[in-house]
Each structure stands twice: as structure tokens, then as C-alpha cells.
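2 protein chains.
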Amino acid sequence: MNKKQVALMMYAASEYDSNLYYAVKFSVPDPFPYFRIGGKSIILMSDLELGRSQKQAKVDEVLSYSDIQAKTKAWGVEKPGVADVAAYFLKSKKAPKILVPDNFNVGLADALRKRGISVESKPDPFFEERVYKSKEEVRMITQSLRHTEAAIHKLENLLRASRIAGKKISYRGQWVTSEWLKKVLNVSMMENNCMGSHTIVASGDQGCDPHNEGTGLVWANQSLIVDVFPRSGDTFYYADITRTFVKGKASAALKAQYEAVKAAQEKGIRMVAPGVNGKDVHGAIREDMESKGYRTERRNGTMVGFFHGTGHGLGLDVHEPPRVNASEHILKKGEVVTVEPGLYYPGVGAVRIEDLLVVTPTGYQNLTVYPKKLEIA
Amino acid sequence: MNKKQVALMMYAASEYDSNLYYAVKFSVPDPFPYFRIGGKSIILMSDLELGRSQKQAKVDEVLSYSDIQAKTKAWGVEKPGVADVAAYFLKSKKAPKILVPDNFNVGLADALRKRGISVESKPDPFFEERVYKSKEEVRMITQSLRHTEAAIHKLENLLRASRIAGKKISYRGQWVTSEWLKKVLNVSMMENNCMGSHTIVASGDQGCDPHNEGTGLVWANQSLIVDVFPRSGDTFYYADITRTFVKGKASAALKAQYEAVKAAQEKGIRMVAPGVNGKDVHGAIREDMESKGYRTERRNGTMVGFFHGTGHGLGLDVHEPPRVNASEHILKKGEVVTVEPGLYYPGVGAVRIEDLLVVTPTGYQNLTVYPKKLEIA
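Chains as they are written, first to last, in our numbering: chain P, -2 to 374; chain R, -2 to 374.
Laid out in C-alpha cells, this is it:
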């Protein structure tokens, strides 16, 4: 965004809002105002955050919110709230027109409008450059991914060391459950300051709901979806990977389904390059699986087959632009995207395989190194 | 909110938006539309989430987003986006006026307005009843708190078993750092599916920036702020507790400062009851410490003394209404609030002590059981 004339504003907690974190590289758990006026970035910080932000925030100027609030009061507002303070500040800077992210609070936007500020919103990517990852960003994403792969390795080792007892699986005398395996993953990642949230370990037909986290016993000889996407507490960058396992022996149908997803995924991955339309990658994957008889349709009110997108951008958000799905998107150098087709058929099982790629000048680099192997003996 | 006439709308990912999670009791990592029309709650779900939401969401009706999208198309919109689909749906339900939370996306609000929907926003608490915790909610908060206290207990045990070597602290031959102690806390909490984020372990003057997470060596005979506020991955309810420790011997000045905070905190806690103004609790705490000579002021551009609020509501958000600070708020039964005064003087050290209370019909119950003791031998 190189329009120096338009002022930008955000108001959020940079710990949770990734556009704001991207702009200030500094994590604050409570909302604060950010401005970019005439190319200069300015934040107004509470007394509580003033010292820390002066040292850490990557902005041109850190001002005391309470100082500006006092000036707003002197200007004639008796009890100045955020909208008063921001409107006063923007007017004092002769910047009565602002561009805000789509997810800017409507309450604050309307209050600013009432105070004579013109507010327009811009859909993500608010900062276009956020889509194109620098080498350093790719390094941080890869680091989160390695910690995630290490956690999956622990899970795989636990399953390998487990014993099958009828339909169940036991490890050191305890029945293996989704909750237990999620803990193994999340604790392992936390040892590397990566926070897993909504980690998925879904056995059998549970995995056919792609966002079902999984609960209860993990079944032998059935599909196990392991989808893990932690955020690093050090860098704030995410990783995302999915593997599908079977402890024991997969049915012939499940094996074939796995091979179909794996082949389609690898076909899709090989297509990734600058100038390629994401829609074509998605279409090729879908058609490849369809050509083998894997239909996508609604059965008894529930979707079966391949009924989600192929992938998504990833960085400071786990899901961010671009999307790789049925909509048009020309891939560009520096984009980091997942390629994660799946097939879901209750009764047979669920398969999803997800790798994380960066688009390079001539093609792609697969950041994921974890092997793809269905059965664990 | 009992105005059955006004339709409500939210559009967010319920995994991150606590108002929406409160309304549907169901975690989804991508945004979806929620409506309450004529007292009936309705969500429009993607194919990806349809099966799971039909089973798990606590709403009156789950509809397929793609079905409504198809109807919107039939209605004459070529490529219906969320605003088109939501506007079509609201008009089809004869609900052209909606109330949304303050943090509703301005981009979507403006797009709805362009499509003839009247959008008004309401500041938090969007659902007033969210402020008043049920017994079950207090139970879930207390459970998160117990897991947090267990983690602090591990940290304290580690410090007790450590040896002082000059200014540093060593445990089993390794220098003790903030990063290490944060890992001890976060891993311990993750074993109970509680996710610590921005956990604070700040030694010496680092603690004088109240939100400084702490980095590097933990110093002997200096203050150590330990502030931990995880979210449970099981219940989504937070806990929040702060303790201040010294490994070794505190200076006389630091000891006095600790006793002043502890006495003021306990005085504030004893005031908590329905009908009491939070402003008075905050004022009493501040005055109690001021009467002992602890002044709050800016020195060399940095605040010292007690320069934050006394406390905040807690539940599905770590900071939620009400605030206990210089603004007026009459405490009410069922509110869960922290009481966490602090004193920060670079050169002497930082002290903050935080308990979590629920307001009962006649006073308060302190949910926190962790002892308050400064020195660890």
C-alpha cells in the first residue's frame, strides 16, 4: 500500500489482530489505536504499555494515549472515549479520511463518522505485502512446521509402540484416545513454544467431519486424521500439516482412497508456480479423484467426497489470503499456501493429506518434510 | 437482551469471537453468519462445517450456506458474497434491521447497508447475561484456575530446588531463565489442555513494565512477576492469577512494597459485594498504598507506582466487562473479576498480586487458593 495520501487506521489488540501485529511487530493484549499518516506510523499507548512499546514497537512514533486524551478534553470533549481521541488526533494531523481493515469495529467506525471522519474499509489483504513472505518469514513458518512435525513424530512413535486389542489400541496398559494423542501433540509443541489450538486427532467416521477435533477411543484398522496448526509464541507465525494414519491394517477401500488423495495432492503440488491459477490446481485435484470414482455429493444431508477447498494462505493467520479453491487466484512468488485435498466417506473413512508450500520464482518449494505413509504396524 | 423484535447478527469465527461462541457453544475456525430473528437462533454453515454444526451447535436451526447462496443467485445476484447472502436472508425473513456487536466487521456492515439493511451496533456486553456467570461457568473458570495454580506450584518448586550462584540462579546445572520458567508453566497447563499465551515471568526491572513477558536470566534476590492467564481448550474459559516471588532474600524496600500491595489487595477484596462501586474499590486500594508513600507518577517518561486498573471481568475472554478501575461500575452478583493491584519502581522492583473473585449475593468468594508468600528460600 503505497498511497501516502490516504491515512490508515487500525484499532485492535496486536496479540490477536495479525494486520496490526504485522504493522507494529509488537504484541499487546488490549486494543490500541494505530495510524499511518503521510507515510509515518504512530501508535497511542496506555500508561500501562507506554514503556514497553517505546522499546519494542516497530513504529515511527509512540505517543501517550492519556496525553492525547487530555488534549481532546481541552478541545471541549468532557469524557473523551476512543472515538473522540482518534477523531481529535486525525483532525489535528489534517487527516480526516481514513482507510481501515474490513474487520475494523463497526461501532468505532460509526462513532468516527459521527465526529466528521470519513471511514472506508479495505478487504484483506489490508497490507498487500503481507501475502508475499520474505525469506525470514518463510524461515519462521518452517521453524513452526518443524516443531509440528516433531510432535507428529511423537504421536506416530506412540502408535507404533501401541498394541491392538480387538478394535481398540492400548499403550502401556491404557486405551489410546483422541484426547490423549492431542495432549501428546500439544505438549510436545508447547515445549517449543508453539501453541496448538483446535488440534485434530479424529478416528474413523469422526474424521469425515473435517473440523471434528476427535473425542474418545482411537480405533484400530481405521483412518486417523491428524491435523495440527500451531502458532509460535516466539514468532507468531503458524504452521499447518495433516497426515492420515491407520494403526494396524487399512481396508482395501481405505487404502485406495488414501492413494487417490496422495496422487491428487502430489499432482496439485507439481502444478504450483507463479502465474498458475489456483482454481486450476483445485480443479485438477478434484478431477483426478473424480476420474477414479470419488464423487462429491450430499448424502442424507451430509457432504461426502472432496467438499472443501484445496488450500489457503498461511502466515500470521492460520487462514489468510490467498485461497486455493474454486475461485480465481493467480499464484505469485512468495505466497505460502497449503495443498490439502481430502476424501471423506462414512463407513470407509477419512483421508486428508496436507503440505505447506512456498511459491518460488520458478515453481514451488515444499516446506513439509514429514513422510506420507498410511499404515503403522 | 429480550427485545424479540430486533434481529441480531454476528459474523465471526466462534473459535476466536467469544460473543458468538457464547451464543452457539460450538467452535468453528472460520467466520460464519449467525442470526437471531424473532427469538430464534439460526446459523448458515459451509458444507465443510454442516455435519458437525448440526450435531453440536446450540442453536434452533442450522442451514446450509450454499443453499441460501443458491437462492440469492436465483434472486438475481450473479456471484453472491456474504453480504448478498445475509441481506437476502434477512429480507426473506422480513428482518431488515439488525443489531450487531461493536466489533462486527465494518466492511460487512457497510456492504449490508448498501443492500438496504439497517445496521446498528451495541458495545460489549452484547449479551448482558454473559457478564453474570452461572454456577457451571464459575466451575469451569475455577477448573482453569486450578490447572494454572498447579503450574505455578511447579515453578515455585523448581525455584525452591534451585541454587543461588552470585546474582544468578541455577537448577540442575542450568541457569534459570524467564523462557525456561514460562515453558514450565505452559507445558504444565497444556497437560491439562489449558493454553497459556503471553505468560509473564519477568525478573527485576523487567517486571516494571507490567506486560513485559520477561526474557533472559532470572535474578536472585530480585522480584519475579508470574502472571498466568490460560484459556481452557475444553471449556474455552480463562483463568488469571499473578504472584510475585523472590528467590533468595528481598531487600527491605521490596519487602515493604510487597506488604503494601498485599494489604491493599486484601482490603480491596474485602470490599467486593453487590452494590459496591468498582471505582471505590480501586480508589481504596490506590489510597491505601499512597498513604504509605507509594506515589504514582511519570518519571523520565515512564510510569511508576500503581498505573493500571484494579481488575477486569473474565470468562470467555481474558479481559471482558466489567472493569474495576477509575470508572463507575456497580458490582453485581455473578460477576467474576480480578483484583490485581501492583507497584512498580525500577531499582526496587515490581510487585503484583492477583486473585480471581466471584461476586456472591452477600459479598464475594475468592476462587484463588494459591498462597501469597514473597520469598522462596
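The C-beta atom is built at its ideal place from N, Cα and C for all residues, glycine as well.
Predicted model, so just to flag it, every value in this text is computed and none were measured.
Assignment of Trp172/R by DSSP, reduced to helix, strand and coil, places it in the strand class. Between Val198/R and Gly213/R, the C-beta spacing is not below 7 Å. Close partners of Met192/P in chain R (Cβ separation under 9 Å): Asn183, Met187, Met192, Gly193, Ser194.
Interface flag for Met300/R against chain P is set, since a Cβ pair is found closer than 7 Å.
Taking 7 Å as the cut-off, the beta carbon of Glu332/P is found closer than this to the beta carbon of Val356/P. Among the CB atoms of chain P, one or more fall inside 7 Å of the CB of Phe304/R. The beta carbons of Ser200/P and Gln171/P sit no closer together than 7 Å. Within chain P, not a single residue places a beta-carbon under 8 Å from that of Glu337/R; the smallest gap is close to 12 Å. Phe23/P and Ser15/R have their C-alpha atoms spaced approximately 23 Å apart. Residue nearest to Ser229/P within the set Gly78/P, Asn209/P, Gln362/P, Glu134/P is Glu134/P (criterion: CA-CA distance). By the Cβ test, the stretch 306 to 313 of chain R is in contact with the stretch 324 to 341 of chain R, since at least three Cβ pairs between them sit closer than 8 Å. Along the stretch 25 to 45 of chain R, the positions whose C-beta sits under 9 Å from a C-beta of chain P are Val25, Pro26, Asp27, Ser43, Asp44, Leu45, read in chain order.
Near chain P, meaning a CB-to-CB distance below 8 Å, the residues of the stretch 305 to 339 of chain R are His305, Val315, His316. Around the beta-carbon of Ala374/R, fewer than 16 other beta-carbon atoms lie within 10 Å, marking it exposed. Nearest neighbour of Ile149/P by Cα position, chosen from Lys276/P, Asp44/P, Ala236/P, turns out to be Ala236/P.
Within chain R, the residues Val25, Pro26, Leu45, Glu46, Arg49 have their CB atoms less than 8 Å from the CB of His208/P, given in chain order. Proximity of Ser220/P to chain R, defined by a Cβ-Cβ separation below 7 Å, is not satisfied.
Scanning the stretch 219 to 306 of chain R from its first residue to its last, the whole alpha helix (DSSP H) runs of 4-plus residues come out as 249 to 268, 275 to 287.
Within chain R, Val103 have C-beta atoms less than 7 Å from the C-beta of Val97/P, given in sequence order.
With respect to chain P, the C-beta atom of Ala106/R has a partner C-beta closer than 7 Å.
With fewer than 16 neighbouring CB atoms inside 10 Å of its own CB, Ile327/P falls in the exposed class. Val258/R places its beta carbon 7 Å or farther from that of Val345/R. Between the C-alpha atoms of Arg49/P and Arg160/P there is a straight-line separation of about 52 Å. One Cα belongs to Ile114/P, the other to Phe86/P, and the distance between them is close to 11 Å. Around the beta carbon of Thr241/R, 16 or more other beta carbons lie within 10 angstroms, which makes this residue buried.
Rounded to whole angstroms, Lys289/P and Glu256/P show a C-alpha spacing of 11 Å. Counting only the Cα atoms, Phe29/P lies some 14 Å from Gln51/P. In the three-state reduction of the DSSP assignment, Tyr13/R falls in the coil class, being assigned neither a helical nor a strand state.
Here Ala92/R is buried. Its C-beta has 16 or more other C-beta atoms within 10 Å. About 10 Å separates the beta carbon of Phe124/P from that of Met7/P, a gap too long to meet the 8 Å contact definition. Within the same chain, Cβ atoms closer than 6 Å to the Cβ of Val74/R are found at Asp81, the five residues on either side in sequence being excluded. Here Gly73/P carries a coil assignment [DSSP, helix/strand/coil]. Against chain R, a Cβ distance below 9 Å from Glu12/P picks out Ser194, His195.
Taking a Cβ-Cβ cut-off of 7 Å, the neighbours of Gly230/P in chain R comprise Ser194, given in sequence order. At a cut-off of 4 residues, the continuous stretches assigned as alpha helix (DSSP H) that sit fully inside the stretch 16 to 77 of chain R are 44 to 53, 62 to 71. Contact between Lys276/P and Glu325/P holds, since their C-beta atoms are separated by about 5 Å, short of 8 Å.
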